[in-house]
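As structure tokens, the structure follows; a few thoughts come after it.
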Amino acid sequence: YKAKGVEEYIYHDADCDGAGANALSLWVLDDSKPNTTATSDLDGDGKCTYHARLDSTGGKMLPTSATWRVYCGPAEGWVS
7 YKAKGVEEYI YHDADCDGAG ANALSLWVLD DSKPNTTATS DLDGDGKCTY
57 HARLDSTGGK MLPTSATWRV YCGPAEGWVS
């Protein structure tokens, strides 16, 4: 999904850094456009960097109710 009027995307990434072994599957809110043909590391940065995340148990449907973790800068860090 893409936000209207701004470069902000929400998408499911089965392996956010593409490392494979200890894959972190999650929903991501980010300003990097995801590669829709990639199977992992959809933003292609080789890291798990994003604005917000929702851990996933492998489901590719966005939950209707969940608690996101959002990065609020160095002073606040990650908050739910």
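Sequential numbering from 7 applies to the sequence shown in my numbering. Where a beta carbon is used, it is the ideal one built from N, C-alpha and C, also for glycine.
> Measuring CB to CB, does residue 34 end up less than 9 Å from residue 56?
Replying inline: yes
> What first and last residue would you give for the beta strand (DSSP E) that runs through residue 18?
Replying inline: 15-19
> So, is residue 24 buried or exposed, given that buried needs 16 or more other C-beta atoms within 10 angstroms?
Replying inline: buried
>> Looking only at its chain, what residues have a beta carbon closer than 7 Å to the beta carbon of residue 41, apart from the 5 residues adjacent to it on each side?
In response: Excluding positions up to five away in sequence, the list reads 48, 50.
>> According to DSSP, simplified to helix, strand and coil, what is residue 35?
In response: strand
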